[in-house]
Amino acid sequence: MFTSTNARSANAYMMAGLEASVRTADSHGLITLVFDALQRSLRAAKTAIRSRDVPAKCKQIGFSIRLLEDGLILGLNSEEGGELARNLRIVYGYSVLRLIHANAKSDASIVEEVERLIEPVADGWRQIKGAGMAEQRQA
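Quick note on the numbering used here: the sequence shown kicks off at 3 and runs consecutively.
In structure tokens, the structure reads:
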């Protein structure tokens, strides 16, 4: 019924750290946080499916879908992003549909498919920041 004091303290600490990260992040950093949260949530969804924890599975898949829709799809700018933004919208939309199927079928392999789709996009996003910082140091 109640969580232990240590668990509550750890959760409060993590939330405070996350809030601080969000408040101090630039737009690139915010999307990086979304990708990080999405990848953690997908891993947790797989674990929940494999352990037959239906409430956790539904929570994690729902959170993953929300991150895709509200954190990534809504942030795309088709005018400035052109073809890349349109392609990402397709990948993210497909991922949402696959996660709905994963939830309905309790199929961890579908979640793994979404992980494989998202991983190179997330890695590429992280590399953009690194490349930009390297260019600034050279200038």
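We treat Cβ as the ideally placed atom computed from N, Cα and C, and that holds for glycine. In this text the structure is predicted, and so the values were computed from the model without any measurement.
Query                                                                                                                                                                       : Result
So, do the region 59 to 68 and the region 101 to 112 have three or more beta carbon pairs nearer to each other than 8 Å?                                                    : yes
Taking the runs of the beta strand (DSSP E) that are 3 residues or longer, which of them lie wholly in the region 107 to 133?                                               : none
Take the Cβ of valine 116 as the centre, count every other Cβ of all protein chains shown within 10 Å, and call the residue buried at 16 or more, exposed below.            : buried
Could you tell me how far apart the beta carbons of serine 170 and isoleucine 51 are, in whole angstroms, since I believe they sit closer than 8 Å?                         : Nothing about residue 170 can be reported from this structure: the residues present for the chain run from 3 to 141 only.
For leucine 76, count the other beta carbons within 10 Å of its own beta carbon; 16 or more makes it buried, fewer makes it exposed. Which is it?                           : exposed
Return the CA-CA distance between serine 111 and serine 43, expressed in angstroms with no decimal places.                                                                  : 15 Å
Which term fits leucine 86, buried or exposed, when burial requires 16 or more other beta carbons within 10 angstroms of its beta carbon?                                   : exposed
How is aspartate 38 classed by DSSP in three states: helix, strand or coil?                                                                                                 : helix
Anyone know if the C-beta pair for alanine 39 and glutamine 62 falls short of 8 Å?                                                                                          : no
Quick check on the DSSP output: the alpha helix (DSSP H) that includes serine 53 runs from which residue to which?                                                          : Serine 53 -> no alpha helix (DSSP H), and no H or E assigned at all.
Counting C-beta neighbours from all protein chains within 10 Å, is the total for alanine 106 16 or more, i.e. buried, or is it exposed?                                     : exposed
Since I believe arginine 128 is in contact with threonine 34 (beta carbons under 8 Å), could you give me their beta-carbon distance rounded to a whole number of angstroms? : 6 Å
Report buried or exposed for proline 122, applying the criterion of at least 16 other Cβ atoms within 10 angstroms of its Cβ.                                               : exposed
Exposed or buried, valine 56, counting other C-beta atoms within 10 Å across all chains shown (16 or more means buried)?                                                    : exposed
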